[in-house]
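Heads up: the protein sequence lines correspond to chains B, H and F, in order.
Read in order, the letters of the first sequence correspond to residues 1 to 83 in the working numbering.
Read in order, the letters of the second sequence correspond to residues 1 to 645 in the working numbering.
Read in order, the letters of the third sequence correspond to residues 1 to 125 in the working numbering.
Note that the Cβ used here is the ideal one computed from N, Cα and C, for glycine as well.
Step one of this worksheet: look at the structure below.
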Amino acid sequence: MAKAKVKLFGVYRVDTHISDIEIEAEKLSDLLDELSRIAVGEHKSSISFSDASVFINGEHCKKKKQKLNDGDEVWLLSPASGG
Amino acid sequence: MTEYCGYMGRVLLVDLTKRTFSEFPWTDKDRERTLGGKIMAGDILLHHIRPGMKAFDEDNWIVVTTGPLTGCGCPNTSRFNISTVSPLTDIVTSSNCGGDFGLSLKRAGYDAVIFTGRSESPVTVHITCDNVEFESAEELWGLTTGEAQEKLCDYPGRLVIGPAGENKVLYACVFSNERTAGRGGVGAVFGDKKLKAVTAVGTKLPKLANEEKLKDLNKKWTKLLHTHPLTGRQLPKLGSAGLIAPMQAHSILATKNFSAGRFDGFEKVSGEELAENHLVSNAACTGCVIRCARKVVVNGKVVKGPELETLGLFGPNILNDDIEKILKWNYELDELGMDAISCAGSIAFAMELAEKGIHDFGVHFGETDNISQMFEDIAYRRGEGNDIADGSRRMSDKYGGKEFAINAKGMELAAYEPRHAVGQGLGYATANRGGCHLNAGYMVVVEGLGLDVNSLTPHGKAAIGIMFQNLMEAISAGGSCMFTSYAVLPGFLIGKPNMLLTKMVLAAFPYVGPVVNLLSHFTKVPQLNIPLLPHAIAVKHATGMKSNMAKYLTWGAYGYNCERIANVILGQKAGADKLPKRLTDELQDPDNPKTKVPLEQMKKVYYRARGWKDGIPTWHRLKTLGFDIDKSVYDAAVAAAKKPD
Amino acid sequence: MAFRIDENICVGCGGCAFTCLFGAISAANDDASLYAIDETKCVECSQCSHVCPVSAINAPDGYKPIKKVEIIAEKCKGCSLCSKVCKAKAPEGKIKEPFEINQEKCFQCGVCASKCRFEAIEVKY
């Protein structure tokens with residue numbers, strides 16, 4: 001089990017009021033399941049791999065079952081636009 | 001007069017020299033060709049300008065235009081446009097604004113107002129249904145935009161300039177309520193004409209061609225905006241400021257005068273920080289159902305908060321991580337009446353010139369204590385502020401450093417660092433008014449922020465860029481806010497970036513080029529409508545004018561070519577679509593050879609698809625699009641454009 | 001009698017408040033995400049419902065839109081009160097002579113007819 005530092009951004013952060021949280025998980029999909037369990041807020045159901053834009057240690061992660069290492073920094077972002 | 005609904009049917013021409021007014025001829029054929037807004041203004045300017053006309057010439061026109069949908073109950077559709085020859089770029093600039101002036105102008109019975117000449121002394125022009133009055137603005141001259149609007153608060157529609165416009169700072173802007181026609185220095189042209197303010201008030205409303213169908217469409221359109229992940233969730237909760245974190249993730253957050261794409265302190269100046277610790281409430285333009293604007297507290301007063309551009313360019317781009325400073329600076333810039341983007345870009349350039357020992361303007365990366373003072377110096381053209389007031393291009397003419405004077409065609413770039421989103425880079429270079437991210441086609445929304453098309457490949461970017469450029473041109477011309485264009489990207493693709501279907505669509509994106517090109521050549525073919533693009537049908541139900549997706553893209557193509565050929569006539573050279581060498585020649589990531597903008601390669605594809613040679617529309621393309629200009633004028637302009645500098 | 005904004009449908013766009021010439025509409029909460037009509041000020045001109053994007057504004061029961069407002073010349077004393085109360089300055093004329101309503105300007109709110117002391121203004125539905 002790896003201890004990952006998770007940062008939430010976008011609507012995930014505003015809805016759950018969580019900005020930083022440490023989660024122990026073997027792979028990304030487990031981490032997201034655990035996060036969904038902990039998070040409260042109107043978009044609890046959206047913290048799944050298909051909905052979020054995920055970055056691990058600054059790199060875009062496209063693999064749902066990505067294995068995690070101790071100290072990995074995992075970012076969850078929601079799609080954005082503006083001007 | 002007009003047979004159509006939606007339009008008020010009259011265009012006002014105001015002569016500031018003679019202090020007279022008359023009706024400017026504008027026919028239904030003109031409306032069918034240009035729709036309204038910036039395309040209408042571009043067309044009017046195209047037929048008025050002469051080669052070499054400059055912003056501060058007495059016969060430069062200020063053209064304020066509205067769209068036919070404004071005042072018809074469509075959501076997010078009360079934006080208006082100001083076009084003129086820009087003092088910053090010496091070509092046409094069209095500047096968009098979400099304030100109430102456009103709505104009020106239509107209520108006074110006009111679709112547009114043109115200002116010509118120059119007033120002898122500061123003047124306020126009052127427009128009503130019956131009359132146009134010229135009132136001395138001596139008492140308003142010198143006031144900030146807020147103070148001037150306070151004095152004019154009885155008028156529902158107002159345009160004002162601040163000290164920056166009065167002193168002809170080349171990127172001075174025009175204010176209407178809390179919104180601004182920000183870019184290209186339109187405020188300086190007002191200042192040159194001594195036009196301190198314009199007011200509009202009236203009691204009329206546009207007629208509707210098919211009220212029942214339009215009301216039904218508007219309800220569906222509002223629902224679409226509310227259920228879309230971008231317009232229904234992200235923008236209301238975080239504002240445009242919510243882009244800071246995704247830009248950091250995708251390495252497109254301009255940092256230290258565009259020398260990097262990521263900034264360690266980004267969280268401190270992010271949309272999340274703003275929403276959680278500084279937001280008092282949301283605010284909105286009139287008629288908006290998204291309501292993305294931020295209200296914050298500065299010096300104990302509730303004022304408008306910063307948009308993404310101000311946060312990015314006065315944050316990472318000058319190595320500042322103190323958001324409270326940015327809230328204060330945003331308010332100061334609003335009061336002085338200056339474009340935050342160009343001001344920040346010019347200051348960042350000044351900082352790098354100082355760092356390199358070329359010239360010390362007194363501003364340095366990471367130092368924040370004297371920025372407010374520099375704003376004053378710029379607005380009043382004092383000391384070193386006088387040079388910075390002319391923008392980064394003129395500063396680089398004087399001091400050198402062209403490779404890192406981050407502007408395109410003389411107008412400073414927005415906060416998206418294009419070396420990690422090369423399509424945006426193509427957009428910046430080809431955008432008619434200069435370094436504008438929206439006129440560019442706002443490619444970043446497909447290159448990582450909203451969708452996630454491969455941001456480093458040049459493939460397909462030209463075709464997608466052209467389609468978005470044309471689409472956004474028409475959406476703006478109708479009177480709608482650009483944010484309504486994001487609903488064109490299907491919500492289910494945006495909301496589920498890692499779903500298999502989404503991945504397949506994104507993988508195919510770079511290869512849709514030929515299809516998009518086909519669509520733009522055979523504009524009569526797609527006589528269909530996409531429910532995701534209500535704008536086209538709204539035009540039909542509001543005005544009675546023939547309108548569908550194909551017509552919409554044709555209007556956009558006309559508009560884009562219109563400003564382009566006008567610019568060539570004004571003196572724009574072939575090969576003007578450039579970016580500073582830092583962005584095309586230096587790698588953002590030394591380990592990744594793809595992290596620079598392969599501009600020349602993409603331009604070849606872009607020009608072919610546009611029907612342009614070296615950035616100039618061919619005569620054949622102009623004729624196909626329905627232009628009627630003098631061939632001799634065209635030939636002379638093209639010959640001049642091809643002559644080396 | 002007044003128009004009413006359905007608070008379950010209103011999306012807070014503010015178009016109605018901007019449009020109302022009688023000052024009858026204002027924000028109903030702190031962040032202006034909901035609007036409400038002041039019954040005492042509403043004259044039922046219906047301009048607000050013209051600009052609502054979600055059809056949230058309802059006319060009162062039995063409401064009939066006014067199609068035309070005309071001055072009956074024989075009854076008009078030329079007192080100009082109608083012109084003074086009209087937001088659009090639609091009634092035109094000289095004092096002590098019969099006024100006439102400029103139909104290009106009139107938006108059929110009916111306020112002049114309700115104020116006329118000589119019953120000289122006719123409202124047609």
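Out of the options, state which residue places its alpha-carbon closest to the alpha-carbon of residue i.
i: H/C562; options: H/P598, H/A112, H/G261, H/S83; result: H/S83
i: H/A354; options: H/A340, H/Q373, H/D334, H/M395; result: H/M395
i: H/E309; options: H/N218, H/Y416, H/A283, H/A260; result: H/Y416
i: H/A41; options: H/T368, H/A172, H/T66, H/P644; result: H/T66
i: H/I371; options: H/K409, H/A408, H/Y331; result: H/Y331
i: H/I252; options: H/D43, H/H420, H/M499, H/F56; result: H/H420
i: H/C285; options: H/C97, H/L214, H/G6; result: H/C97
i: H/K461; options: H/V63, H/L471, H/Q601; result: H/Q601
i: H/K594; options: H/A637, H/V445, H/G287, H/G423; result: H/G423
i: H/D614; options: H/D645, H/K409, H/K573, H/A477; result: H/K573
i: H/G647; options: H/G52, H/A164, H/G109; result: This structure gives no information on residue 647 of chain H, because the portion of chain H shown stretches from 1 to 645.
i: F/S49; options: F/C42, F/N58, F/K41; result: F/N58
i: H/H126; options: H/K223, H/E120, H/S78, H/L13; result: H/L13
Return the bridge partner residues of residue i from the DSSP annotation.
i: H/P593; result: Note: H/P593 sits in no beta bridge, so no partner.
i: H/V113; result: H/L12, H/V64
i: H/H126; result: H/E133, H/T199
i: H/A283; result: H/A293
i: H/G271; result: DSSP output for H/G271 lists no bridge partner at all.
i: H/G6; result: DSSP, once it has assigned bridges, lists no residue as partnering H/G6.
i: H/R179; result: H/S176
i: H/T255; result: H/A260
i: F/P91; result: F/I101
Compute the distance between the beta-carbons of residue i and residue j, then report whether it is under 9 Å.
i: H/R582; j: H/I406; result: yes
i: H/D377; j: H/G383; result: yes
i: H/T706; j: H/M411; result: There is simply no residue 706 of chain H to check, as chain H begins at 1 and stops at 645 in what is shown.
i: F/C79; j: F/I95; result: yes
i: H/P122; j: H/K194; result: yes
i: H/R107; j: H/V201; result: yes
i: H/L336; j: H/T145; result: yes
i: H/N257; j: H/F349; result: yes
i: H/F266; j: H/A241; result: no
i: H/G6; j: H/K220; result: no
i: F/P53; j: F/V11; result: yes
i: H/M338; j: H/A172; result: yes
i: H/V64; j: H/A112; result: yes
i: H/G37; j: H/S476; result: yes
i: F/A56; j: F/I5; result: yes
i: H/F101; j: H/G157; result: yes
Expressed to the nearest angstrom, what Euclidean distance is found between the alpha-carbon atoms of residue i and residue j?
i: H/L535; j: H/K29; result: The amino acid occupying residue 535 of chain H in the given sequence is His; Leu does not appear at that position. Distance between the alpha carbons of H/H535 and H/K29 is about 20 Å.
i: F/M1; j: F/C109; result: 14 Å
i: H/A249; j: H/K631; result: 50 Å
i: H/K295; j: H/A609; result: 43 Å
i: H/A474; j: H/D334; result: 28 Å
i: H/Q527; j: H/A538; result: At H/Q527, the pLDDT of 48 sits below 50, so the modelled position is not reliable; the number obtained from the coordinates is stated separately. Looking at the two C-alpha atoms, the distance is approximately 15 Å.
i: H/E727; j: H/G185; result: Only positions 1 to 645 of chain H appear in this structure, which leaves residue 727 of chain H out of reach.
i: B/L77; j: B/Y12; result: 7 Å
i: H/D192; j: F/K115; result: 48 Å
i: H/L327; j: H/F80; result: 26 Å
i: H/D15; j: H/A379; result: 27 Å
i: H/V525; j: F/L81; result: With a pLDDT of 44 at H/V525, under the threshold of 50, the modelled position of that residue is not reliable, and no figure is offered here.
i: B/I38; j: B/A4; result: 15 Å
i: H/L500; j: B/E59; result: 20 Å
i: H/K268; j: H/P316; result: 10 Å
i: H/P68; j: H/I39; result: 12 Å
For residue i, go through chain A and note every residue whose CB falls closer than 7 Å to its CB, in chain order.
i: F/L21; result: The structure shown contains no chain A; its protein chains are B, H and F.
Can you list, in chain order, the residues of its chain with a C-beta nearer than 7 Å to that of residue i? Leave out the 5 residues immediately preceding and following it.
i: H/G450; result: L230, Y486, L489, I494
For residue i, I'd like the list of residues in its chain whose CB is within less than 6 Å of its CB, leaving aside the five on either flank, ordered along the chain.
i: B/L28; result: Q66
i: H/S547; result: A536, V539, K540
i: H/T523; result: Unreliable positioning characterises H/T523 in this predicted model, as indicated by a pLDDT of 46, which lies under 50. The coordinate reading is nonetheless provided below. Around H/T523: A550, T554.
i: H/L471; result: G556
Return the chain-ordered list of same chain residues with a C-beta closer than 8 Å to the C-beta of residue i, the five sequence neighbours on each side being excluded.
i: H/R33; result: D43, Y558, G626
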